[in-house]
Amino acid sequence: AIVVLFVILGFVQEYRAEQAMAALKKMSVPLVRVRRGGTLQELPAQELVPGDIIVLEAGNTVPADVRLISSANLRVQEAALTGESEAVEKETGALARADLPLGDRRNMAYMGTNVTYGRGTAVVTGTGMETELGKIATLIQNVDEGLTPLQRQLDRLGQLLAVAGVVVALLVLVIGLLAGESLDQMFLTGVSVAVAVVPEGLPAVVTITLALGAQRMLRRRALIRKLPAVETLGGVTVICSDKTGTLTVNRMTVTVIDVAGHALELAGTGDQQRISFQIADTPERLFGAYPPAIGLTLTAGALCNDASLNPDPETGRYSFLGDPTEGALLVAAQQAGLSRPGLETVLPRVTELPFDSERKRMTTVHHLAAAPDALPAIVQALPVIEAPYIAFTKGAVDGLLEIADHVWTNNEIVPLDESWRTRIEIANDEMAQKGMRVLGLALQQLDSADAPLEQSLTLIGLVGMIDPPRPEVREAVATCKTAGIRPIMITGDHPLTARFIAHDLGITDNGRVKTGQNLDQMSDEELAEAVREVSVYARVSPEHKLRIVSVLQQQGQVVAMTGDGVNDSPALRRADIGIAMGITGTDVSKEASEMVLLDDNFATIVAAVEEGRVIYDNIRRFVKFSIAGNLGKILVMLAAPLFGIAIALEPLQLLWLNLLTDGLLGLGLGVEPSEKGIMRRPPRSPKASLFDEGLGRHIVWVGVLVGVVAMFVASFRFNPAQIEDETWQTMLFTTLAFLQVGQALASRSSRRSFFELGWRSNMTLVWLTLVVVLLQLVVVYLPALERFFSVDPLTWPELLACVLLGSLAFWAIELEKWWLRRR
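This note's numbering puts the first residue of the sequence shown at 143, with every later residue one more than the last.
What follows is the structure, given as structure tokens:
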């Protein structure tokens, strides 16, 4: 059965690796437009070769790694590879350096990423395993997951008990032969004793305990894909978390609008945003009355926009097609009651100047087709505009300042003097330092649709947007720190953004950030020193993530790695436990992980860690209970000949106590609820033994107690003159069963009394205890089983004596806990 189990586990592991590879292959593109022989044709992506010229358009998935040779406002969403949620604007010029991080290689596009805007042509530079996606596939295949700390400890325990079993079996065999017993009988007894040394119920109890823990975690929205990971969570000392989609909502969101001399912060995040504003430099809240320029700024952002918004009628959430930045502007406007279709009925677009990477701005021209009062009430600024046409321009703030000469403030247009220019530049810098993408919005009144554009603009506001932190993560990070777990952010995003998010969530206090370029210049020794101090890593590649996780493990840390992108997969596989996102996570990251967060909630990790600690505690409880009981039985078998008893327990009696009594009571201990303060104690050391914290000492003295009590019963009742009378052996057998019952009930906590815990807090153990007692009585009193188990029915006084003597283990352990509490 064990061999079959190992074969199955091996197959499962190989299958999971193959599934990860299959998920990577799904990211390839079936058909692609290729220019060959001067003609444009569609070919399967698998037929691409380096040197092919391909055409890319909005909505395409990039079929290979390519070098751009032309770009018409091409933007590519590379979050799956880099972790950066903002689409990257592409260009055709040469790179400034050859060693730029992947996210900064603006003249390249990579297989599996998505074109969100514009079009372009490119030459194929790599296909298949020669792409960045292929490199990740290679990393996944080459990573050895290794054993969990629990597996290593149980392996060592198994080896120790196996050696002990052989030694004890030989001792019993020799002692029995010297006492004149037959070789056949003593060989069978020796084998039984060897079996008794090993807690046969341990594999079953561990497996069932882990499985039940996995079920409890599933109810808390954490799906366990690999059972040993359940316990590993309890020993985690470091959580290395990706930023995008894990710590943040993975959606660009407008968070600040700077207008009329005030910075106004938006409440809420992403598609759950509800537009209420707070002036950053005053405590005032504006719920019903918006500053006039707010409506105008949101209107400009919605109309000077090529994305489209799609509300989900069931959930109320919004999804969008197009550039994430433009989608964020649409969501902000929509939540303020400004839908783009509604605005366009009054202000239809008549012409435009598309976004250009050199100008870094976009302009749309709109005709005021209806009376201004037809516009939503929030757009309070437009009624004073008298021109028939309005041009809205959005783009980089520094570029707009070069072509603007007025500012809209307090429902009037004022000159853009030096003080206003300085104030706008400061506001732009402050938002940029917080990791925000900042856009300026301006308008131009036109007498005709074909009037010159982007001249003498009136600046109406700045918009700051970011992929914001999940609201529940800050508390989860604080809980991790209380539990002695160090959070680390590892992301492919920009260093400024990473620093701001990490500081906001409490991940870092010193503001230190290391980039992928920094890591490339570090030796292993320098990196080992850096990871002790630095908790934020930005612009890193999959190789960098893998290296950081490996260095932490070399320092003795138990590392959990969270992530949702393809770029996270190798590190997820290398970590002691990989945690993927269930909603935003890619198939590749899920297949490479041990656990999947079904709600993408970082806080769920904290609940899972608590369950992991409970499970480890319960496994230690069973080890303590089982080995102490087995030690007592071994002492009985070794000491019995000294009292003239060649064989104290029959082989079947030993197996009954080991498999059924131990096993059932062990299952009850395996579902013991969490102890108080379990998340206020530091994580256990990965080098810690199962026998630490006095457990070894407890096993020895309880084992000796069990052996002494049992031998007292046997020697007191044994009569060599009545060799056929098996009452003494029945009493010994039954007393050992009740000693184990008392031992199990008292072992529920290492310090708290059974009476403080109450019997109702673990009804499973109560019911299993009743089952064990009932089965023991059936064996003793059912005539059909008497000969089978070599027992005689006990009188009621004899049974009462067994119960009272068996309860000594319970009272002794309770006394030990009382003494520990008094210290």
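From the three backbone atoms N, C-alpha and C, an ideal C-beta is built for every residue, glycine too.
Given that a residue counts as buried once 16 or more other Cβ atoms are within 10 Å of its Cβ, and exposed if not, what is VAL176?
Mapped onto the sequence shown, residue 176 falls at position 34. The residue in question, VAL176, is buried, as its Cβ has 16 or more Cβ neighbours within 10 Å.
Beta-carbon within less than 6 Å of ILE317's beta-carbon, same chain only, minus the 5 sequence neighbours each way: which residues are those?
The residue given as residue 317 occupies position 175 in the sequence shown. Excluding residues within five positions, the ones whose Cβ falls inside 6 Å are PRO783.
Please report the straight-line C-alpha distance between THR906 and VAL813, rounded to a whole angstrom.
In the sequence shown, residue 906 corresponds to position 764, counting from 1. In the sequence shown, residue 813 corresponds to position 671, counting from 1. Rounded to the nearest angstrom, the two C-alpha atoms are 7 Å apart.
Using a 10 Å radius around the Cβ and a threshold of 16 neighbouring Cβ atoms, would you call ALA618 buried or exposed?
Along the sequence shown, one-based indexing puts residue 618 at 476. Answer is buried; the Cβ neighbour count reaches 16.
Per DSSP, which residues does LYS656 bridge with? Please list them.
Within the sequence shown, the letter at position 514 stands for residue 656. Its beta-bridge partners are TYR679.
Is the segment 796 to 814 touching the segment 343 to 356, taking contact as three or more C-beta pairs under 8 Å?
Yes: the two stretches touch, three or more of their Cβ pairs being nearer than 8 Å.
Let me make sure I understand the geometry here. Which of LEU585, VAL556, ILE527 has the alpha-carbon closest to that of GLN597?
The sequence position of residue 597 within the sequence shown is 455, counting from 1. When each option's Cα is compared against that of GLN597, the closest is LEU585.
ILE841 to GLN871, Cα distance in whole Å?
Along the sequence shown, one-based indexing puts residue 841 at 699. Along the sequence shown, one-based indexing puts residue 871 at 729. Roughly 25 Å between the two C-alpha positions.
Does the segment 842 to 856 come into contact with the segment 792 to 809, if we say contact requires no fewer than three beta-carbon pairs (one atom in each stretch) closer than 8 Å?
Counting Cβ pairs under 8 Å, fewer than three are found: no touch.
Measuring alpha carbon to alpha carbon, tell me which of THR441, GLY262, GLU231 ends up nearest ARG248.
Locating residue 248 in the sequence shown gives position 106, counting from the first residue. That would be GLU231, whose Cα lies nearest to the Cα of ARG248.
My assumption, with CB atoms under 8 Å, is that LEU281 sits in contact with PRO712. Please give the rounded CB distance.
The residue given as residue 281 occupies position 139 in the sequence shown. The residue given as residue 712 occupies position 570 in the sequence shown. Their Cβ separation, rounded to whole angstroms, is 4 Å, which keeps LEU281 and PRO712 in contact under 8 Å.
Considering only the alpha carbon of each residue, which of ARG839, VAL922, ARG893, GLY805 lies closest to VAL883?
As a working mapping, residue 883 is identified with position 741 in the sequence shown. Comparing Cα-Cα distances from VAL883 to each of ARG839, VAL922, ARG893, GLY805, the minimum goes to GLY805.
Opposite MET504 in the DSSP bridges: which residues?
Numbered from 1 along the sequence shown, position 362 holds the residue referred to as residue 504. LYS536, per the DSSP bridge assignment.
For ALA474 and LEU463, which I take to be in contact (beta-carbon distance under 8 Å), what is that distance rounded to the nearest angstrom?
As a working note, residue 474 is residue 332 in the sequence shown. As a working note, residue 463 is residue 321 in the sequence shown. Not quite, the Cβ-Cβ distance comes to about 17 Å (not below 8 Å), so this is no contact.
Quick check on this structure: which residue in LEU688, LEU242, PRO345 has the alpha carbon closest to the alpha carbon of MET703?
Counting from 1 along the sequence shown, the entry for residue 703 is found at position 561. Out of LEU688, LEU242, PRO345, LEU688 has the C-alpha closest to the C-alpha of MET703.
Could you check what DSSP says for GLN420 in three-state terms: helix, strand or coil?
Walking along the sequence shown from the start, residue 420 turns up at place 278. Any answer about GLN420 is weak, because its pLDDT of 39 lies below 50 and its placement is not dependable; what the coordinates show is given next. In the structure shown, GLN420 sits in a strand (DSSP, three-state: E or B).
Can you check whether the CB of LYS385 is closer than 9 Å to the CB of ASP609?
Within the sequence shown, residue 609 is the residue found at index 467, counting from 1. Within the sequence shown, residue 385 is the residue found at index 243, counting from 1. Against a cut-off of 9 Å, the Cβ pair of LYS385 and ASP609 comes out as a contact.
Quick one: is ARG579 buried, meaning 16 or more other Cβ sit within 10 Å of its Cβ, or exposed?
Translated into the one-based positions of the sequence shown, residue 579 becomes position 437. It is buried - the Cβ of ARG579 has at least 16 other Cβ atoms within 10 Å.
DSSP on ASP326, reduced to helix/strand/coil?
Mapped onto the sequence shown, residue 326 falls at position 184. In the structure shown, ASP326 sits in a helix (DSSP, three-state: H, G or I).
Count the other C-beta atoms from every protein chain shown that fall within 10 angstroms of the C-beta of TRP909, then say buried if there are 16 or more, exposed otherwise.
In the sequence shown, residue 909 corresponds to position 767, counting from 1. That one is exposed.
Give me, in chain order, the residues of the same chain whose beta-carbon lies closer than 6 Å to that of ASP934; leave out the 5 immediate sequence neighbours on both sides.
Start at 1 with the first residue of the sequence shown, and residue 934 comes out as number 792. Answer for ASP934: GLU868, THR869, THR872, listed in chain order.
Pick helix, strand or coil for GLY606, following the three-state DSSP scheme.
Taking the first residue of the sequence shown as 1, we reach residue 606 at position 464. Looking at GLY606 - three-state DSSP - the assignment turns out to be strand.
Could you pull the start and end residues of the alpha helix (DSSP H) that ASN760 belongs to?
By one-based count along the sequence shown, residue 760 stands at place 618. Here the alpha helix (DSSP H) through ASN760 covers 744 to 781.
What do you reckon, are the CB atoms on VAL266 and GLY193 nearer than 9 Å?
The count along the sequence shown starts at 1 and reaches residue 266 at position 124. The count along the sequence shown starts at 1 and reaches residue 193 at position 51. Their beta carbons are under 9 Å apart, which means VAL266 touches GLY193 by this criterion.
Could you pull out every residue in the same chain whose Cβ sits closer than 7 Å to the Cβ of ARG358, ignoring the five residues on either side in sequence?
Numbered from its first residue, the sequence shown carries residue 358 at position 216. The residues are GLU753.
Taking the alpha-carbon positions, what's the PHE429 to ALA478 distance?
The residue you call residue 429 lines up with position 287 of the sequence shown. The residue you call residue 478 lines up with position 336 of the sequence shown. Bear in mind that the predicted position of PHE429 carries a pLDDT of just 32, short of 50, making it unreliable; the figure below should be weighed with that in mind. Going by the C-alpha atoms only, they are around 11 Å apart.
Please work out which residues of its chain come closer than 7 Å, Cβ to Cβ, to ALA444, disregarding the five sequence neighbours upstream and downstream, and give them in chain order.
Taking the sequence shown and counting its residues from 1, one reaches residue 444 at position 302. Contacts found: LEU471, LEU472, ALA475, LEU480, ARG482, LEU485.
Is it right to say THR487 is buried, meaning 16 or more other beta carbons lie within 10 angstroms of its own, or is it exposed?
What you label residue 487 is simply residue 345 of the sequence shown in a count that begins at 1. By the 10 Å Cβ count, THR487 comes out exposed.
Let me know the beta strand (DSSP E) ranges lying completely inside the segment 891 to 947, each 3 residues or longer, listed in chain order.
DSSP runs (the beta strand (DSSP E)) wholly in the segment 891 to 947: none.
In the DSSP output, which residue or residues are listed as bridge partners for ASN452?
Your numbering for residue 452 matches position 310 in the sequence shown. The partner list for ASN452 (beta bridge, DSSP) reads SER461.
Quick one: any contact between the segment 881 to 896 and the segment 944 to 960, if contact means 3 or more CB pairs under 8 Å?
Yes: the two stretches touch, three or more of their Cβ pairs being nearer than 8 Å.
Is MET723 helix, strand or coil by DSSP?
As a first step, residue 723 must be located in the sequence shown, where it is residue number 581. The answer is strand: DSSP assigns MET723 an E or B state.
Measuring CA to CA, which of GLU898, PHE875, GLY819, LYS959 is closest to VAL921?
On the sequence shown, position 779 is the one that residue 921 refers to. Cα-wise, what sits closest to VAL921 is PHE875.
Along the chain, where does the alpha helix (DSSP H) containing ILE955 start, and where does it finish?
What you label residue 955 is simply residue 813 of the sequence shown in a count that begins at 1. 950 to 964 is the span of the alpha helix (DSSP H), which, as asked, contains ILE955.
Taking the straight line between their C-alpha atoms, what separation do you get for PHE767 and ALA574?
Here residue 767 corresponds to residue number 625 of the sequence shown, with the count starting at 1. Here residue 574 corresponds to residue number 432 of the sequence shown, with the count starting at 1. About 60 Å.
Which value, in whole angstroms, describes the spacing of the CA atoms of ILE721 and ASP729?
Translated into the one-based positions of the sequence shown, residue 721 becomes position 579. Translated into the one-based positions of the sequence shown, residue 729 becomes position 587. Looking at the two C-alpha atoms, the distance is approximately 13 Å.
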